[in-house]
Amino acid sequence: MNLAARQPVLLVAVPLVFAATCPLWGMWKRRICFYWALGGMSVTAFLAWSLIGKVSQKAPLTYNVSGWRPPWGIQIRIDTVGLLLACTITAMSILLLLYSYRYVEKEIPTQRIVYYYTLLLLIFTAMLGCSVTGDLFNFFVFMEIFSITSYALVAISGERRAIRAALKYLLMGATSSLTVLLAISFLYSVTGSLNMVDIGQVLERMGRTSSPYLPVAAAAMIFFIAGFCVKAAVFPVHVWLPEAHSIAPSPVSALLSALVIKMGVLGIIRTLFTVYGRGFSSFSEVWGALATVLSWAAALSIPVAAIMAIMQTDLKVMIAYSSVVHVGYIVLGISVLSVQGFAGGLFNIVAHAMGKGCFFLVAGIIIYKHGFRRIDDLKGLGRSMPVTAGAFAIASLSIVGLPPSAGFIAKWNILYGCLQQSQYIQVVLALFGSILSAVYCFKVVYYMFFTGSNVGAKMDEGPMTMLIPVTLLAAGTVFFGIFSALLMPTLSNAARVLLAR
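In our numbering, the protein residues as written are 19 to 519.
In structure tokens form, the structure reads like this:
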């Protein structure tokens, strides 16, 4: 078997090897850990991005570990959704590592810098594993790895409030993990398989024969969705997110918001459409009820979290609540069961990763240079930090959903999908949430550019290694807004395949 055939498993193996060896380099010289991590994720990014055009939702790329076929062996399965996340993860990882080069010198305790880069490599590995695995239990294992590393990264500063936030995150995360594990055990007990596609086929056969174990499988579906909603920070089980995201180091905040919570969304997609999609007729009542609950929870979260964001005086807390808003948009798009809405939800995964990643990294530069966290302290910042403030203003267009940004394309498709399904109240709530989002985003922009200065007029930008990532992310929100045709047709095809029942 040639190297190309092993490419799917290398997406996980390469960053894992780099993570395992990173502490060894750190024993020699801490600075090498940065170059080692950046090199590892650059190789992984090449592996992921070289798969573009080679996979589709209908014809995924598969690799059976050790040659054992499902249900006996572990299968790596890369479809359109998995590849979308893998490409997003690897691209963001490089930007976050580059940003961290100077950031860690001031914001991370010196003795923990090696741990920081090792944990980043581990969390990237685990998220890639979730994106490409075709096995439920392996999804759970990778989920646990990125969860545990997330708790450690939130607490890495060692400050009392950081440890408190990490413990709160841990308690919520452990509850959701236990719920998902219980769901897996239920499903395995009635299907005898852990492979997602194979389970779907077994459930379809069980439905045709009216198996008495169908209620157990239905209960497992409910547990899956409940557990993954906590991971995704879907309202009202989002309570761990604002504190964890706001107190974590800024590149970690960007990582959690742009990528980690999307793994919970991926879990919802895999559950509803890969595991249970083929047996839809057998679970139509539970399946439909869960989709309805998700759409209402998502729609309500948009204005509620936006109101909470408006009320904040701390910039990072405001951005954290904004993450809950956009998880609401993503889940709303997926749960309305419309091809256009689903494609918009998938597109918003990318749009939100760029916009919210830019927000948190901008906040990190401001804290790094001036120590400001309060929104009131940002007055006149656009004069001394025009690149940083400008990046925030551009990313705001995407977060609010204004043209020509990627956020506009995502929201347009999500709302159109809701209209197709006659979910008019959800549309009203989502539009109201966008208006509220404009309030909290443009309040910050107004303070930065149109008020008296709290800082000197002299140019005082952050280091170039921190400015490059925020500039690229801000530019990306505009690029993918203008050239959305690069992604939307592929995502629409993927949505069409997933929704076909």
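Even glycine gets a Cβ: it sits at the ideal position worked out from N, Cα and C. Please read all numbers here as calculations on a predicted model, not as lab measurements.
If you draw a straight line from the C-alpha of residue i to the C-alpha of residue j, how long is it?
i      : j      : result
Ile265 : Gly225 : 48 angstroms
Arg288 : Ala37  : 27 angstroms
Leu101 : Leu277 : 14 angstroms
Val349 : Thr227 : 33 angstroms
Arg391 : Thr292 : 43 angstroms
Val496 : Ser416 : 8 angstroms
Leu200 : Leu28  : 30 angstroms
Leu212 : Phe204 : 11 angstroms
Phe160 : Arg401 : 45 angstroms
Arg223 : Val304 : 18 angstroms
Glu479 : Phe378 : 16 angstroms
Gly152 : Ile202 : 14 angstroms
Thr167 : Val322 : 29 angstroms
Gly451 : Val445 : 10 angstroms
Pro422 : Ala493 : 11 angstroms
Phe501 : Met403 : 29 angstroms
Tyr386 : Lys124 : 7 angstroms
His344 : Val488 : 19 angstroms
Thr469 : Val463 : 10 angstroms
Phe241 : Ala262 : 24 angstroms
Ala522 : Trp46  : What is shown of the chain runs 19 to 519, which leaves residue 522 out entirely.
Thr193 : Ala238 : 15 angstroms
Ile286 : Leu505 : 21 angstroms
Thr508 : Pro78  : 13 angstroms
Considering only DSSP beta bridges, list what residue i is partnered with.
i      : result
Ile94  : Tyr81, Thr151
Asp332 : Arg392
Please classify residue i: does DSSP put it in a helix, a strand, or coil?
i      : result
Arg391 : coil
Asp216 : helix
Thr292 : helix
Pro26  : helix
Trp54  : helix
Trp258 : coil
Lys280 : helix
Gln438 : helix
Trp86  : coil
Ser271 : helix
Pro422 : coil
Leu355 : coil
Tyr231 : coil
Pro33  : helix
Ala518 : coil
Gln75  : coil
Glu9   : Only positions 19 to 519 of the chain appear in this structure, which leaves residue 9 out of reach.
Gly470 : coil
Met372 : helix
Ile70  : coil
Leu505 : coil
Assuming residue i and residue j form a contact by the criterion Cβ under 8 angstroms, report the distance between their Cβ atoms to the nearest whole angstrom.
i      : j      : result
Leu312 : Ser353 : 4 angstroms
Ile163 : Leu140 : 6 angstroms
Ser60  : Ile107 : About 13 angstroms separates the two Cβ atoms, so there is no contact after all.
Ala456 : Ala317 : Rounded, the Cβ-Cβ distance is 18 angstroms, inconsistent with contact.
Gly218 : Tyr294 : 7 angstroms
Ile325 : Leu420 : The Cβ separation is near 20 angstroms, so there is no contact.
Val150 : Pro26  : 6 angstroms
Leu146 : Val30  : 6 angstroms
Checking 8 angstroms against the spacing of the C-beta atoms, do residue i and residue j come in under that value?
i      : j      : result
Ser275 : Gly382 : no
Val172 : Ala184 : yes
Phe52  : Tyr121 : no
Val342 : Phe246 : no
Val257 : Val234 : no
Lys397 : Tyr458 : no
Cys105 : Ala66  : yes
Leu116 : Thr406 : no
Ile427 : Gly499 : yes
Val73  : Ile94  : no
Leu364 : Val35  : no
Ala109 : Ala55  : no
Thr331 : Ile243 : no
Lys429 : Tyr339 : no
Gln358 : Tyr434 : yes
Phe360 : Ala250 : no
Ala369 : Ala424 : yes
Ile367 : Lys280 : yes
Leu114 : Leu273 : yes
Leu516 : Gln75  : yes
Pro33  : Phe158 : no
Val83  : Gly91  : yes
Tyr133 : Ile174 : yes
Cys376 : Ala409 : yes
Residue i CB to nearest chain D CB: under 8 angstroms?
i     : result
Pro88 : Looking for chain D here will not work: only one protein chain is present.
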